[in-house]
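**Student:** The opening position of the sequence shown corresponds to residue 7 in the numbering used here, with each subsequent residue numbered one higher.
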Amino acid sequence: MGYKVVVAGATGNVGREMLNILAERQFPATEVVALASRKSMGTECSYGDKTLKTRDLDTYDFAGTDMALFAIGAGPTKQYAPRATKAGCVVIDNSSLYRYQPDIPLIVPEVNPDAIEGYAKRNIIANPNCSTVQMVVALKPLHDRARIKRVVVATYQSVSGAGKQAMDELWNQTKALFIHGREVTPAKFTKRIAFNVIPHIDVFLDDGSTREEWKMVAETKKIIDPRIKVHATCVRVPVFVGHAEAINIEFEDPLPADEAREILREAPGVLVVDKREDGGYATPLDCVGDYATFVSRIRDDITVENAISLWCVSDNLRKGAALNAVQIAELLGQRCLQKA
Ligand SMILES: NC(=O)c1ccc[n+]([C@@H]2O[C@H](COP(=O)([O-])OP(=O)(O)OC[C@H]3O[C@@H](n4cnc5c(N)ncnc54)[C@H](OP(=O)(O)O)[C@@H]3O)[C@@H](O)[C@H]2O)c1
Numbered sequence: 007m008g009y010k011v012v013v014a015g016a017t018g019n020v021g022r023e024m025l026n027i028l029a030e031r032q033f034p035a036t037e038v039v040a041l042a043s044r045k046s047m048g049t050e051c052s053y054g055d056k057t058l059k060t061r062d063l064d065t066y067d068f069a070g071t072d073m074a075l076f077a078i079g080a081g082p083t084k085q086y087a088p089r090a091t092k093a094g095c096v097v098i099d100n101s102s103l104y105r106y107q108p109d110i111p112l113i114v115p116e117v118n119p120d121a122i123e124g125y126a127k128r129n130i131i132a133n134p135n136c137s138t139v140q141m142v143v144a145l146k147p148l149h150d151r152a153r154i155k156r157v158v159v160a161t162y163q164s165v166s167g168a169g170k171q172a173m174d175e176l177w178n179q180t181k182a183l184f185i186h187g188r189e190v191t192p193a194k195f196t197k198r199i200a201f202n203v204i205p206h207i208d209v210f211l212d213d214g215s216t217r218e219e220w221k222m223v224a225e226t227k228k229i230i231d232p233r234i235k236v237h238a239t240c241v242r243v244p245v246f247v248g249h250a251e252a253i254n255i256e257f258e259d260p261l262p263a264d265e266a267r268e269i270l271r272e273a274p275g276v277l278v279v280d281k282r283e284d285g286g287y288a289t290p291l292d293c294v295g296d297y298a299t300f301v302s303r304i305r306d307d308i309t310v311e312n313a314i315s316l317w318c319v320s321d322n323l324r325k326g327a328a329l330n331a332v333q334i335a336e337l338l339g340q341r342c343l344q345k346a
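1. Are isoleucine 229 and valine 157 closer than 8 Å when you measure CB to CB?
2. Please go through the segment 251-321 and give each complete beta strand (DSSP E) segment of 3 or more residues, from N-terminal end onward.
3. Leaving out the 5 sequence neighbours to the left and right, which residues in its chain are closer than 8 Å to glycine 18 when beta-carbon positions are compared?
4. Nearest CA to the CA of proline 232: which residue from Ala238, Val223, Cys240?
5. With DSSP run on the structure shown, which of helix, strand or coil describes cysteine 342?
6. So does alanine 335 have its beta carbon nearer than 7 Å to some heavy atom of ligand 1?
7. Is the distance from the Cβ of leucine 28 to the Cβ of valine 11 below 8 Å?
8. With H, G and I counted as helix, E and B as strand and the rest as coil, what does DSSP make of isoleucine 131?
9. Among Arg89, Gln333, Leu323, Glu189, whose alpha-carbon lies nearest the alpha-carbon of asparagine 118?
10. DSSP three-state call for glutamate 50: helix, strand or coil?
11. Taking the straight line between their C-alpha atoms, what separation do you get for alanine 14 and arginine 242?
12. Flag this pair as yes or no: are the beta carbons of glutamate 256 and alanine 313 separated by less than 8 Å?
13. Could you tell me the alpha carbon to alpha carbon distance between arginine 362 and glutamate 336, rounded to whole angstroms?
14. DSSP on phenylalanine 68, reduced to helix/strand/coil?
15. Checking 8 Å against the spacing of the C-beta atoms, do methionine 141 and glutamate 251 come in under that value?
16. Write down the C-beta distance between isoleucine 113 and alanine 121 rounded to the nearest angstrom, noting that I regard them as a contact closer than 8 Å.
17. Mapping the DSSP letters down to three states, classify lysine 10 as helix, strand or coil.
18. Quick one: grab the DSSP three-state call for histidine 351.
19. Are the CB atoms of serine 102 and asparagine 129 within a distance shorter than 8 Å?
20. So the candidates are Ala87, Leu148, Tyr9; which of them puts its Cα closest to the Cα of leucine 270?
21. Report the rounded CA-to-CA distance for proline 115 versus valine 143, giving the unit in angstroms.
22. Using a threshold of 7 Å, is the CB atom of valine 243 nearer than that to any non-hydrogen atom of ligand 1?
23. Nearest by alpha-carbon distance to arginine 217: which of Ala16, His206, Thr226 is it?
24. Does the segment 194-210 come into contact with the segment 275-290, if we say contact requires no fewer than three beta-carbon pairs (one atom in each stretch) closer than 8 Å?
25. Just the Cα atoms here: how many angstroms apart are glutamine 163 and serine 315?
26. Under 7 Å from any heavy atom of ligand 1, does the C-beta of alanine 266 make it?
27. Ordered along the chain, which non-local residues of its own chain (more than five positions away) have a Cβ less than 8 Å from that of glycine 286?
28. Residues in its own chain within less than 6 Å of leucine 75 by CB, not counting five upstream and five downstream?
29. CB asparagine 322 to CB serine 166, shorter than 8 Å?
30. Tell me the start and end of each unbroken alpha helix (DSSP H) in the segment 169-226 that is at least 4 residues and wholly inside, in chain order.
31. Note down, in chain order, each residue of its chain lying with its Cβ closer than 6 Å to the Cβ of valine 294, except the 5 sequence neighbours on either side.
32. Ligand 1 and cysteine 318: does the residue's C-beta get closer than 7 Å to at least one heavy atom of that ligand?
33. Evaluate contact between the segment 58-69 and the segment 84-93, counting only Cβ atoms and requiring at least three cross-stretch pairs below 8 Å.
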């Protein structure tokens, strides 16, 4: 007994990690199917020690498929997800298309697993944005203890969060500038990303913030508590994989940094690396390929009552996307579908 699972977007950054993680965690699958666009038909994808030949999502028949992990972006998801759900398949979607719809659960399994019960309303579960996932994993246990009032966060987001073309752009620009001394023209990013940082992710909104920043606000409220106020500045940095965040948290009740550190040491999905010495903290390079949300630099903020600051790092392709989606699939299987 087990599940027939498809990965839509199997040739992409997130889809490839989904296949890796399904194999690593020995997900109870009777069959795994790799799907992408027609141009990728026949492309080989690794699934553990097996190789899958990619099939065309456009002609795939979802009948008999239990779960579909989608990592294809909002446009194609709008086109294909309804076909999957009509055939009785549950879609776990990584795009922003469904995240804010009230009848669709938005889940981080360590934080709000009980929301899974709402999956049957539309047969769709949404996976949050990468920058939100790691932040709420760190915030939730602190909120349970001292009730968070306000969060001010600045992100340092890697280029893999913008897809495989964005990774190629950083690589090609770096080579062109450093090895050949040639100037480059940005394509995927609005300014040069190599040897630079860009304070702009996704589109601008009327209030001067960006949609990436708005996502952190709306998703934190939906996942943890609508009373939490979030102010975000989202920045793209020339790192291939691993998002970092500097987070300032203000609580209703007193929560000294030492106590917050002990709470986080026990928290699911969190790994505290917090030695107050050279190198005694986590960086994006340290978290690549890992499952955890790393938390470092936990300290009191004495400029305001009941506040701390911390540094939080995670693999955006794993906990920020593929791992979280596979954990949702595991939760769905255990609590709802119960076929394995
Ligand atoms: N990267 C992250 O950190 C992250 C985190 C959270 C959520 N997400 C979301 O996950 C999704 C995928 O991101 P990614 O970084 O993996 O992007 P990516 O590397 O650019 O890969 C995109 C994938 O989607 C497939 N695809 C695109 N259009 C398609 C279509 N019309 N029909 C079928 N397949 C299509 C591509 O197939 P071909 O190769 O055949 O074109 C490819 O497999 C996006 O919605 C993104 O916002 C990403």
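Glycine residues also receive a C-beta, built at the ideal position from the N, C-alpha and C atoms.
**Tutor:** Reading off the structure:
1. Locating residue 229 in the sequence shown gives position 223, counting from the first residue. Locating residue 157 in the sequence shown gives position 151, counting from the first residue. Going by C-beta atoms, isoleucine 229 is not nearer than 8 Å to valine 157.
2. 276-278, 299-306, 313-320
3. The residue labelled residue 18 in the question sits at position 12 within the sequence shown. These residues qualify, in order along the chain: Ala42, Ala77, Ile78, Gly169, Lys170.
4. Position 226 of the sequence shown holds residue 232. The residue with the shortest Cα to Cα distance from proline 232 is Val223.
5. Position 336 of the sequence shown holds residue 342. Helix at cysteine 342.
6. By 1-based counting over the sequence shown, the position of residue 335 is 329. Checking every heavy atom of ligand 1 against the Cβ of alanine 335, none is found closer than 7 Å.
7. Counting from one through the sequence shown, the residue named residue 28 turns up at place 22. Counting from one through the sequence shown, the residue named residue 11 turns up at place 5. Against a cut-off of 8 Å, the Cβ pair of valine 11 and leucine 28 comes out as a contact.
8. Stepping through the sequence shown from its first residue, residue 131 is reached at position 125. DSSP places isoleucine 131 in strand when its eight states are reduced to three.
9. On the sequence shown, position 112 is the one that residue 118 refers to. Of the candidates Arg89, Gln333, Leu323, Glu189, the one whose C-alpha sits nearest the C-alpha of asparagine 118 is Gln333.
10. Here residue 50 refers to the residue found at position 44 when the sequence shown is read from its first residue. Three-state result, glutamate 50: strand.
11. Counting from 1 along the sequence shown, the entry for residue 14 is found at position 8. Counting from 1 along the sequence shown, the entry for residue 242 is found at position 236. Each residue's alpha carbon lies about 26 Å from the other.
12. Residue mapping note: residue 256 aligns to position 250 of the sequence shown, counting from 1. Residue mapping note: residue 313 aligns to position 307 of the sequence shown, counting from 1. It is a contact, given that the beta carbons lie within the stated cut-off.
13. No answer is possible for residue 362: it lies beyond the span of the chain, which begins at 7 and ends at 346.
14. Your numbering for residue 68 matches position 62 in the sequence shown. The answer is coil: DSSP assigns phenylalanine 68 none of H, G, I, E or B.
15. What you label residue 141 is simply residue 135 of the sequence shown in a count that begins at 1. What you label residue 251 is simply residue 245 of the sequence shown in a count that begins at 1. Going by C-beta atoms, methionine 141 is nearer than 8 Å to glutamate 251.
16. Looking up residue 113 in the sequence shown gives position 107. Looking up residue 121 in the sequence shown gives position 115. The Cβ separation is near 5 Å, so the contact holds.
17. In the sequence shown, residue 10 corresponds to position 4, counting from 1. Residue state, collapsed to three classes: strand.
18. Given a span of 7 to 346 for the chain in the structure shown, any question on residue 351 remains unanswerable.
19. For this step, residue 129 is matched to residue 123 along the sequence shown. For this step, residue 102 is matched to residue 96 along the sequence shown. Not closer than 8 Å, so no.
20. Stepping through the sequence shown from its first residue, residue 270 is reached at position 264. Leucine 270 has its Cα closest to that of Leu148, out of Ala87, Leu148, Tyr9.
21. Locating residue 115 in the sequence shown gives position 109, counting from the first residue. Locating residue 143 in the sequence shown gives position 137, counting from the first residue. Going by the C-alpha atoms only, they are around 9 Å apart.
22. Here the question's residue 243 lines up with position 237 in the sequence shown. Not under cutoff, so the answer is no.
23. For the purposes of this step, residue 217 is taken as residue 211 along the sequence shown, with counting starting at 1. Among Ala16, His206, Thr226, the Cα nearest to that of arginine 217 belongs to His206.
24. no
25. On the sequence shown, residue 163 is found 157 positions in, with the first residue counted as 1. On the sequence shown, residue 315 is found 309 positions in, with the first residue counted as 1. Rounded to the nearest angstrom, the two C-alpha atoms are 19 Å apart.
26. If you number the sequence shown from 1, residue 266 lands on position 260. Incorrect: alanine 266 has no Cβ contact closer than 7 Å to ligand 1.
27. Indexing the sequence shown from 1 puts residue 286 at position 280. Once the five neighbours on either side are set aside, the close Cβ partners of glycine 286 are Val279, Asp280, Ser302.
28. Reading the sequence shown from its first residue, position 69 is the one you call residue 75. Around leucine 75: Val13, Met24, Ile98, Ala331.
29. Start at 1 with the first residue of the sequence shown, and residue 322 comes out as number 316. Start at 1 with the first residue of the sequence shown, and residue 166 comes out as number 160. Contact: yes.
30. 170-184
31. Numbered from its first residue, the sequence shown carries residue 294 at position 288. Excluding positions up to five away in sequence, the list reads Val247, Gly248, Asp321.
32. Numbered from 1 along the sequence shown, position 312 holds the residue referred to as residue 318. Cysteine 318 Cβ: outside cutoff for every heavy atom of ligand 1.
33. yes
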